[in-house]
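Single-structure report; data block below.
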């Protein structure tokens with residue numbers, strides 16, 4: 001596929017993900033999935049874990065997927081697509097394929113099924129070296145099942161299982177650094193993306209899909225429902241996430257070589273990002289202000305670490 005240089009080109013592209021779905025207004029999932037499916041002209045086989053994406057795009061007897069698609073469980077879209085990939089290789093060895101077109105294999109999961117209950121399945125698929133791309137739709141919460149905290153939920157966020165109140169400031173644990181965990185598997189390509197930087201996202205997704213071996217994309221997917229911001233501000237929220245460096249955009253090749261792909265010209269304070277979401281409103285109380293300071297300190301330190309890693313070229 002030739003490089004997509006403007007959004008109008010998507011309207012002329014073959015749609016493999018139809019707009020008639022039940023995702024919330026303002027949900028970033030649809031933007032991300034559409035870019036994934038338009039990133040390559042190869043036939044695609046898709047597996048999707050239980051989650052917002054699955055329940056909103058495949059309400060029987062209807063579907064938004066104009067491509068082979070399977071839903072198998074909350075935790076194991078990775079093993080489902082790995083099984084399909086293994087079957088394809090077996091049929092190819094036996095000369096039993098009906099087409100010469102080479103398919104690509106993609107699995108989708110939310111952060112709950114990726115950071116938490118499906119992680120061992122994903123790790124096993126990467127260890128075995130299956131040729132597929134795993135895309136995590138990272139909205140930092142179990143949004144489909146009631147807004148519970150996940151391993152991706154950041155410090156201080158108020159969720160239904162870590163509610164902020166008189167005795168708690170919300171989640172007390174840090175978000176897992178999943179991209180580096182996946183890079184540590186020796187994956188040939190892992191990357192972090194956000195839908196507001198669509199050219200960066202499209203390029204990384206294309207690279208991931210067309211790289212041989214297990215590849216991983218962590219996609220920031222702002223959740224208007226659980227982050228609690230107006231549904232018409234999804235892109236603005238994504239801008240705040242990347243421009244505050246809370247969600248830096250970078251890639252890691254062969255588990256080692258790190259490259260930062262977006263450097264904000266004007267870095268905004270972390271408090272601006274937190275203040276735009278009602279899930280963090282309690283952090284602005286005098287007794288919790290120290291957490292905003294801690295947030296900023298951690299974000300600054302992580303950004304400095306990424307830059308050192310990039311300069312080291314190891």
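Residue numbers (UniProt numbering): 1 to 314. Even glycine gets a Cβ: it sits at the ideal position worked out from N, Cα and C.
Go through its chain and collect everything with a Cβ distance to residue i's Cβ below 7 angstroms, but skip five positions before and after it.
i	result
residue 117	74 and 75
residue 158	164, 170, 279 and 282
residue 99	none
residue 82	125, 130 and 132
Name the one or two DSSP bridge partners that residue i has.
i	result
residue 215	133 and 189
residue 259	251
residue 69	46
residue 17	65
residue 220	138
Find the nearest neighbour of residue i within the set the options, judged by alpha-carbon distance.
i	options	result
residue 84	119, 101, 44 and 58	44
residue 53	109, 19 and 20	109
residue 154	303, 284 and 299	299
residue 185	152, 132 and 128	128
residue 107	218, 119, 134 and 98	134
residue 80	130, 57 and 33	130
residue 160	142, 295 and 166	142
residue 165	279, 259, 266 and 199	279
residue 71	87, 86 and 51	51
residue 29	303, 312, 162 and 196	196
residue 48	42, 58 and 260	58
residue 119	77, 105 and 98	77
residue 265	285, 223, 239 and 305	239
residue 56	41, 42 and 27	27
residue 24	132, 88, 144 and 61	144
residue 313	65, 256, 242 and 42	256
residue 64	97, 33 and 20	20
residue 246	199, 212, 146 and 296	296
residue 223	263, 258 and 277	277
residue 315	261, 162, 22 and 213	Lying before the first or after the last residue shown, residue 315 is absent from the chain, which here runs from 1 to 314.
residue 285	86, 61, 168 and 97	168
residue 22	35, 60 and 42	60
residue 258	198, 172, 180 and 289	180
residue 187	82, 198 and 132	132
residue 67	267, 291, 147 and 103	103
residue 325	289, 198, 290 and 291	Because the chain in this structure spans residues 1 to 314, residue 325 falls outside the shown range and cannot be described.
residue 289	310, 305, 156 and 311	156
residue 101	287, 41 and 35	41
Excluding the 5 residues flanking residue i on each side, which residues of the same chain have their C-beta closer than 6 angstroms to its C-beta?
i	result
residue 182	190 and 216
residue 6	none
residue 151	115, 116 and 176
residue 37	16 and 17
residue 275	none
residue 69	46
residue 307	none
residue 269	none
residue 303	245
residue 162	149, 170 and 171
Take residue i and list the residues in its own chain whose beta-carbon comes closer than 8 angstroms to its own, dropping the five residues that flank it on each side.
i	result
residue 39	1, 202, 205, 206 and 209
residue 272	240 and 244
residue 193	32, 200, 201, 204, 205, 217, 218, 219, 220 and 249
residue 267	243, 244 and 245
residue 260	248, 249, 250, 306, 307 and 310
residue 291	155, 156, 169 and 283
Between residue i and chain E, is the shortest Cβ-Cβ distance under 7 angstroms, so that the two count as touching?
i	result
residue 274	Here chain E cannot be found, since the structure has a single protein chain.
For this session: Only counting runs of 4 or more residues, tell me where the alpha helix (DSSP H) segments fall wholly within the region 165 to 200, in order along the chain.
Result: 178 to 183
Exercise. Curious, which full-length beta strand (DSSP E) runs of at least 3 residues does the region 89 to 166 contain?
Worked result: 104 to 110 and 133 to 138
Exercise. Three or more beta-carbon pairs under 8 angstroms between the region 105 to 114 and the region 127 to 143, yes or no?
Worked result: yes
Exercise. Can you list the beta strand (DSSP E) stretches of 3 or more residues lying completely in the region 21 to 66, in chain order?
Worked result: 44 to 48
Exercise. Is there contact between the region 242 to 251 and the region 226 to 233, where contact requires at least three CB pairs shorter than 8 angstroms?
Worked result: no
For this session: State whether the region 203 to 211 contacts the region 227 to 246, with contact taken as three or more CB pairs (one from each stretch) at a distance under 8 angstroms.
Result: no
Exercise. Using 8 angstroms as the Cβ pair cut-off and three pairs as the minimum, do the region 173 to 185 and the region 83 to 101 touch?
Worked result: no
Problem set entry | Cβ pair count under 8 angstroms reaching 3, the region 12 to 28 against the region 123 to 130 | no
For this session: Jot down the residue ranges of each uninterrupted alpha helix (DSSP H) in the region 264 to 310, minimum 4 residues, whole runs only, in chain order.
Result: 270 to 275
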